[in-house]
Amino acid sequence: MNSSNLTPIRVLLVEDSEYDAELIIKELKASWDVFYERVCTPEEMTQKLYAHDWDIILADYQMPRFSGPAALELLKKTGLDIPLIIVSGTVGEEIAVDALRAGAQDFIVKGHFIRLIPAVKRELSERVARQELRQVERQFRQSEERYRTLIEGLTQFAILIIDATGYIQTWNEGAQKILGYPPEEAIGMHCSFLYCPEDRDRSIHDQSLAIAVKMGQYHEEGWRLKKHGERFWAEITITPMFDDKAQLIGYSKIAIDRTQEREAQKALEESKDQAELANQKKSQFLANMSHELRTPLNSIIGYSEMILNNMVKSSEDLERYARNISVSGRHLLDIVNDMLDVSKIEAGKLEIHAQPVDLQKLVQELHDVLVMLANQKEIKIFWDVAPEVKTVEADPQRLRQILFNLMSNAIKFNRPGGKVMLNLCRSQDERWFQGEVTDTGIGIPRDKIDQLFSDFYQVDSSSSKSYDGTGLGLALTKRLLAVQGGDISVDSEEGKGSTFLFRLPIRRANPESA
Ligand code: ADP
Numbered sequence: 389m390n391s392s393n394l395t396p397i398r399v400l401l402v403e404d405s406e407y408d409a410e411l412i413i414k415e416l417k418a419s420w421d422v423f424y425e426r427v428c429t430p431e432e433m434t435q436k437l438y439a440h441d442w443d444i445i446l447a448d449y450q451m452p453r454f455s456g457p458a459a460l461e462l463l464k465k466t467g468l469d470i471p472l473i474i475v476s477g478t479v480g481e482e483i484a485v486d487a488l489r490a491g492a493q494d495f496i497v498k499g500h501f502i503r504l505i506p507a508v509k510r511e512l513s514e515r516v517a518r519q520e521l522r523q524v525e526r527q528f529r530q531s532e533e534r535y536r537t538l539i540e541g542l543t544q545f546a547i548l549i550i551d552a553t554g555y556i557q558t559w560n561e562g563a564q565k566i567l568g569y570p571p572e573e574a575i576g577m578h579c580s581f582l583y584c585p586e587d588r589d590r591s592i593h594d595q596s597l598a599i600a601v602k603m604g605q606y607h608e609e610g611w612r613l614k615k616h617g618e619r620f621w622a623e624i625t626i627t628p629m630f631d632d633k634a635q636l637i638g639y640s641k642i643a644i645d646r647t648q649e650r651e652a653q654k655a656l657e658e659s660k661d662q663a664e665l666a667n668q669k670k671s672q673f674l675a676n677m678s679h680e681l682r683t684p685l686n687s688i689i690g691y692s693e694m695i696l697n698n699m700v701k702s703s704e705d706l707e708r709y710a711r712n713i714s715v716s717g718r719h720l721l722d723i724v725n726d727m728l729d730v731s732k733i734e735a736g737k738l739e740i741h742a743q744p745v746d747l748q749k750l751v752q753e754l755h756d757v758l759v760m761l762a763n764q765k766e767i768k769i770f771w772d773v774a775p776e777v778k779t780v781e782a783d784p785q786r787l788r789q790i791l792f793n794l795m796s797n798a799i800k801f802n803r804p805g806g807k808v809m810l811n812l813c814r815s816q817d818e819r820w821f822q823g824e825v826t827d828t829g830i831g832i833p834r835d836k837i838d839q840l841f842s843d844f845y846q847v848d849s850s851s852s853k854s855y856d857g858t859g860l861g862l863a864l865t866k867r868l869l870a871v872q873g874g875d876i877s878v879d880s881e882e883g884k885g886s887t888f889l890f891r892l893p894i895r896r897a898n899p900e901s902a
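Under our numbering, think of the first position of the sequence shown as 389, with each following residue one higher.
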């Protein structure tokens, strides 16, 4: 047979007899294209072991300066995977068994070469199989390492694997970072321990796993628990895992902490709602304002046209028309002033000019203005100014405004024939100047009292409401009191009437100006 067609083989012979070596090689050459080297001492073997990539070592059992078992020992120390067969003239079952126990792949008796070729062939193919297995193992380890590195690197994600019954098997760094548990505390626990008690009671975790199996994958969101009981909003993907027989072996769970996004979204929705509410209030306010402005404007235009068109029949009529024009004009001015005041206070530009005020005089003037309004509904106005507050240090224009708002409301929201009482005095602890406006009107529902002093608020804001108004009076009154260090409260019973109580700190009159 042409040796070039044969498979090459590299053989290291550990053999002192050149003759025996040649016999062995001759035998091998029938099956392989043989390259070989011969050594017969440990030093030579050590030197030659790394010189080539040996396919097989054939070692004599006994040599003057070396032996088969010693060669085996030397080979083992290197860690090289080279099959070693002992080929020896020494026969003896015990020796053969010892050699095999020491790790020799086979024991061949010289002169009995019929077993040599199959033994070498077997060892070569087993070596290839071992190498392939090692390669597969290496690839598997590399791929496992790659996935482990990948999963550990994803610290923004909690990645865990749970078994088919829900017990945690793996726990990555992201899981530790998000949930606070180190792997040793989490692995072996049932995944339900991460759920909030109410979800745990409803077995939500089992339901999620069942859906994941049914759908192939399941995405869910919900509150979960961190180590110290803190809740976080988790976005979770559950994927079931099956073996090659389609048996469920577990699940992978990937979770992301979405608490911040959820809160930002909620804040955005809330601010959107607030902006919408503010917008609604503004539109409502504009509608009210237009109505409020139109009513006096219509009467001004109506009465002035009657005068201009010579429709006045008597001097009494003329006086009545002129008075109506004047009242409507004042009313208009009040509305515009209220608006201006609110914006001034908002801009921090309202100035308070305190001076001694004669309360008796101020109330009398107010009464003269309001009495017309009260008379239309046959409402009686009573007032009492305690002697100790005959004169107070205050801003007269602002005080008038406060009293006007409260008194005109007490008349407006009163019933025909009702009463309005104004009582001005000093508080018992003498620190406050206080005013009480009581009416016998419709009163205010208990659940509406809290909102009463909000801008543009009206208990009845429907288009069919029975009372005119802008919903600005009380809000302005509260602000006017607040900028002067005062406050206001209300006590009311629906259907029976209301009492508004306001307080202003008592100012000492400037001694220099007294
Ligand atoms: P307006 O009188 O222009 O509507 P206000 O700010 O003065 O606005 O009052 C707000 C709301 O409070 C009124 O619309 C009314 O529903 C309620 N209110 C105020 N005063 C009284 C009162 N004395 N009796 C019953 N309800 C009142």
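Backbone N, C-alpha and C define an ideal beta-carbon position, used for all residues, glycine too.
The continuous stretches of alpha helix (DSSP H) do not include V808, which lies in the beta strand (DSSP E) extending over residues 807 to 814. With 7 Å as the limit, the residues whose C-beta approaches a heavy atom of the ligand ADP more closely than that are N793, N797, A798, K800, F801, D827, G829, I830, G831, I832, L840, Y845, Q846, V847, D848, Y855, G857, T858, G859, L860, G861, L862, A863, S880, S886, F888, in chain order. In the three-state DSSP reduction, F801 falls in the coil class, being neither helix nor strand. Around Y606, the same chain offers S596, I599, A600, I626 as residues with beta carbons nearer than 7 Å, after the five sequence neighbours per side are excluded. Counting along the chain, the unbroken beta strand (DSSP E) around A546 starts and ends at 545 to 551. Taken atom to atom, the span from the alpha-carbon of G499 to that of G477 is near 8 Å. P744 and M760 have their C-alpha atoms roughly 28 Å apart. For R619, the enclosing beta strand (DSSP E) starts and ends at 619 to 630. Residue nearest to L582 within the set G554, M603, G604 is G554 (criterion: CA-CA distance).
Non-local beta-carbon contacts of P571 in its own chain, meaning distances under 7 Å to residues more than five positions away in sequence, involve W559, Q564 in chain order. In this structure, the straight-line span from the alpha carbon of F801 to that of G829 is close to 6 Å. The bridge partners DSSP lists for R426 are L401. By the neighbour-count criterion, in which a residue is buried when 16 or more other Cβ atoms sit within 10 angstroms of its Cβ, M699 is exposed. Residue environment for L401: buried (at least 16 other C-beta atoms within 10 angstroms of its C-beta).
Boundaries of the beta strand (DSSP E) harbouring Y639: 636 to 645, taken from the DSSP string. By the neighbour-count criterion, in which a residue is buried when 16 or more other Cβ atoms sit within 10 angstroms of its Cβ, Q816 is exposed. About 4 Å separates the beta carbon of Q846 from that of G859, a gap short enough to meet the 8 Å contact definition. Counting other Cβ atoms within 10 Å of its Cβ, D827 reaches 16 or more and is therefore classed as buried. The DSSP-derived three-state label of P396 is strand. Taking C-alpha positions only, G823 is separated from I713 by approximately 32 Å. When the Cα atoms are used, F620 and R518 turn out to be separated by approximately 51 Å.
DSSP links E573 through a beta bridge to no other residue. With respect to V399, L446 sits close: the two C-beta atoms are nearer than 9 Å.
Burial check for D645: the Cβ neighbour count within 10 Å reaches 16 or more, so the residue is buried. If you ignore the 5 residues before and after D486, its C-beta comes within less than 8 Å of the C-beta of P457, all in its own chain and listed in chain order.
In the three-state scheme derived from DSSP, where H, G and I count as helix and E and B as strand, S591 is classed as coil.
For E781, the enclosing beta strand (DSSP E) stretches over residues 779 to 782.
With respect to W820, P775 sits apart: the two C-beta atoms are not nearer than 9 Å. Going by C-alpha positions, S842 is about 46 Å away from Q544. With contacts defined as CB atoms closer than 9 Å, P804 and E753 fail to qualify as a contacting pair. Here I592 has Y583 as same chain residues with Cβ atoms under 7 Å from its own Cβ, once five neighbours each way along the sequence are excluded.
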